[in-house]
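Numbering (the working numbering), first residue to last: 221 to 543.
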Ligand SMILES: C[S@@+](CC[C@H](N)C(=O)[O-])C[C@H]1O[C@@H](n2cnc3c(N)ncnc32)[C@H](O)[C@@H]1O
């Protein structure tokens with residue numbers, strides 16, 4: 221994969237259905253908003269959705285209650301964060317935007333989202349691409365996606381499947397064909413990680429472009445202090461994901477736990493610095509920090525006249541091997 225400093229998706233081409241340039245507001249992709257609102261209503265989560273505490277956002281969990289809380293209060297923010305990393309309307313994260321767009325080359329994509337929760341990061345990417353195709357910004361050639369959503373919470377995997385059931389009609393209208401599996405994955409458990417790696421390896425046989433997205437895991441890894449338990453599994457996961465046409469995007473809210481010295485990205489940077497399979501963008505592209513940050517307002521899908529702020533910190537990694 222060639223990392224470029226010039227943009228593959230020019231900002232002037234971002235349609236007004238995804239970015240209100242005059243007011244600098246992100247608009248989440250309409251089919252994903254529709255699917256999300258339908259599920260919120262169907263599962264009676266409207267009240268939960270409006271009782272957010274922005275100072276103490278939910279991080280999800282294994283129970284239905286924890287999953288509902290995250291789905292109702294944080295799913296839209298996660299969609300917006302991934303959208304900001306893809307569209308990058310303020311030109312803060314060009315290499316992350318390029319990594320997404322480049323993964324479409326060849327139209328056979330293995331997409332792994334881990335932990336996927338209800339699928340915010342993967343669905344944000346796919347629904348944005350569909351909208352870019354609908355608006356004639358990207359060509360509408362058949363795109364086959366093998367999506368692996370890996371997640372410990374069963375209720376979250378159920379929401380992901382329900383959302384995809386609703387979304388896939390719109391995706392197919394734009395010639396995006398998704399084969400998906402939402403599998404149980406525990407990042408602290410080696411055998412469960414082996415299952416994920418086996419599936420990813422199989423998928424890459426038929427879908428050679430590989431994109432691994434890890435989004436919003438700082439609560440578990442940093443706040444709950446699970447980083448050292450998870451580390452051997454991440455080593456394995458990245459090592460097996462490495463190779464030709466392979467890229468990873470690690471997306472977090474731009475907050476101290478993720479970006480400070482000693483925080484999540486600092487740890488990741490130290491781990492990867494000595495491997496033969498991970499390369500920081502900084503080394504590939506002079507003067508660009510490995511962690512890119514941006515922020516924007518986004519329109520709330522459940523209160524269209526209101527906005528919230530989304531803050532992005534993203535580390536794009538080329539997983540092509542150096543030897
Ligand atoms: C903050 S959510 C992020 C979900 C999704 N990536 C997003 O952006 O909306 C963190 C997720 O990690 C999951 N999780 C918690 N412990 C885990 C573990 N040991 N292994 C894998 N996933 C776990 C939770 O169930 C939750 O869905």
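Quick reminder that beta carbons are idealized off the backbone N, C-alpha and C, glycines included.
Closest by C-alpha distance to residue i, when choosing among the options
i	options	result
residue 230	321, 265, 243 and 375	321
residue 519	303, 535 and 476	303
residue 541	521, 292 and 460	460
residue 437	539, 430, 395 and 454	454
residue 539	516, 515, 465 and 245	465
residue 394	423, 354 and 373	354
residue 266	341, 292, 408 and 490	292
residue 226	319, 276 and 254	319
residue 228	272, 308 and 285	308
residue 457	400, 536, 334 and 361	334
residue 489	477, 475, 511 and 296	511
residue 274	296, 387, 281 and 258	296
residue 521	255, 241 and 243	255
residue 352	386, 367 and 390	390
residue 435	463, 535, 397 and 462	535
residue 339	528, 402, 470 and 492	402
residue 341	327, 282 and 306	306
Buried or exposed by the 16-neighbour rule on C-beta atoms within 10 Å, applied to residue i
i	result
residue 472	buried
residue 262	exposed
residue 524	exposed
residue 356	exposed
residue 294	buried
residue 425	exposed
residue 563	This structure cannot speak to residue 563, because the chain is shown only from 221 to 543.
residue 482	exposed
residue 298	buried
residue 365	buried
residue 413	buried
residue 288	buried
residue 233	exposed
residue 422	exposed
residue 373	buried
residue 570	Beyond the ends of the chain as shown, which are 221 and 543, falls residue 570; an answer cannot be given.
residue 271	exposed
residue 194	What the structure shows of the chain is the stretch from 221 to 543, and residue 194 is not part of that stretch, so it cannot be assessed.
For residue i, the residue or residues it bridges with in DSSP
i	result
residue 535	470
residue 365	329 and 398
residue 512	534
residue 561	Because the chain in this structure spans residues 221 to 543, residue 561 falls outside the shown range and cannot be described.
residue 239	246
residue 199	Only positions 221 to 543 of the chain appear in this structure, which leaves residue 199 out of reach.
residue 403	370
_Runs of 4 residues minimum, wholly inside the stretch 298-359: which ones carry the alpha helix (DSSP H) assignment?_
314-322 and 340-354
_Length-filtered (3 minimum) beta strand (DSSP E) runs lying within the stretch 422-472_ = 429-435
_Inter-stretch contact at 8 Å, needing at least 3 Cβ pairs: the stretch 312-326 / the stretch 450-460_ = no
_Any contact between the stretch 346-356 and the stretch 436-446? By contact I mean 3 or more CB pairs, one from each, below 8 Å._
no
*Just checking, does the stretch 378-385 make contact with the stretch 231-251 on the three C-beta pairs under 8 Å criterion?*
no
*Take every Cβ of the stretch 237-244, pair it with every Cβ of the stretch 322-329, and state whether three or more of those distances are shorter than 8 Å.*
no
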